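Report on the following structure.
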């Protein structure tokens, strides 16, 4: 389904990547909900959450080729583009790894003037694509959030060096850092 009219007047954050999109978007969504900030959520062309008074739309878009041969994440006009990780997979429907990576380059290039491009600087391909100069585009690089893992569990390390327990298993710490940086840009 085409939601372009539904999200036309919303700040659109599009998550693109072959890994981590769901996790990063879920963290952002969780915090927005906890802070009573409504959001529209679209995942793989399905409306997951519709909050009519939302100012923000979170769009988790597939990296698979659609009918016109382009990745789904290219069809949304993002204000903030997020590239999590880029790992070529044959099932994405692109003829070559170069063509697959070119989709992400087009996504980054389509960031509007005054827009933002967030990317995991620990991903070598995303880092190269997002270090290309683009006129009036702001960059939000992120890498693994400071953390500790020991027999007591997994902990985020705060700026004050406090340990905040989050789980018994070690998550991917990059997505915590990415969510933190995005939420700061949203005023949280």
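Numbering (our numbering), first residue to last: 252 to 439.
Where is the CB? At the ideal position from N, CA and C, for every residue including glycine.
These figures come from a predicted structure and were not determined experimentally.
Residue i in three-state terms, based on DSSP
i, result
"residue 402", "coil"
"residue 269", "coil"
"residue 279", "helix"
"residue 397", "coil"
"residue 375", "helix"
"residue 300", "strand"
"residue 340", "coil"
"residue 315", "coil"
"residue 385", "coil"
Nearest neighbour of residue i, chosen from the options [CA to CA]
i, options, result
"residue 329", "428, 307 and 321", "307"
"residue 321", "352, 335 and 424", "352"
"residue 367", "435, 301, 257 and 345", "435"
"residue 312", "300, 305 and 292", "292"
"residue 316", "286, 304, 347 and 297", "347"
"residue 300", "326, 257 and 350", "257"
Cβ pair residue i, residue j closer than 8 angstroms
i, j, result
"residue 355", "residue 337", "yes"
"residue 372", "residue 339", "no"
"residue 290", "residue 283", "yes"
"residue 310", "residue 259", "no"
"residue 387", "residue 271", "no"
"residue 403", "residue 385", "no"
"residue 431", "residue 396", "yes"
Alpha helix (DSSP H) segment containing residue i, residue limits
i, result
"residue 365", "No alpha helix (DSSP H) holds residue 365; DSSP gives it neither H nor E."
"residue 425", "424-436"
"residue 255", "No alpha helix (DSSP H) holds residue 255; DSSP gives it neither H nor E."
"residue 306", "That residue, residue 306, is in no alpha helix (DSSP H); it is neither H nor E in DSSP."
"residue 346", "Neither: residue 346 is in no alpha helix (DSSP H) and is coded neither H nor E."
Cα-Cα separation, residue i to residue j
i, j, result
"residue 295", "residue 275", "15 angstroms"
"residue 377", "residue 334", "7 angstroms"
"residue 417", "residue 428", "14 angstroms"
"residue 358", "residue 261", "19 angstroms"
"residue 364", "residue 391", "15 angstroms"
"residue 375", "residue 302", "36 angstroms"
"residue 414", "residue 345", "43 angstroms"
"residue 287", "residue 266", "22 angstroms"
"residue 472", "residue 408", "Since the first residue shown for the chain is 252 and the last is 439, residue 472 is missing from the structure and cannot be characterised."
"residue 410", "residue 268", "28 angstroms"
"residue 314", "residue 323", "6 angstroms"
"residue 381", "residue 362", "11 angstroms"
heavy atom of the ligand SAH below 7 angstroms from residue i C-beta
i, result
"residue 319", "With respect to small molecules bound, the structure shown includes none, and the ligand SAH cannot be examined in it."
Element boundaries [beta strand (DSSP E), containing residue i]
i, result
"residue 325", "No beta strand (DSSP E) contains residue 325, which DSSP labels as neither H nor E."
"residue 331", "331-334"
"residue 290", "290-294"
"residue 417", "414-418"
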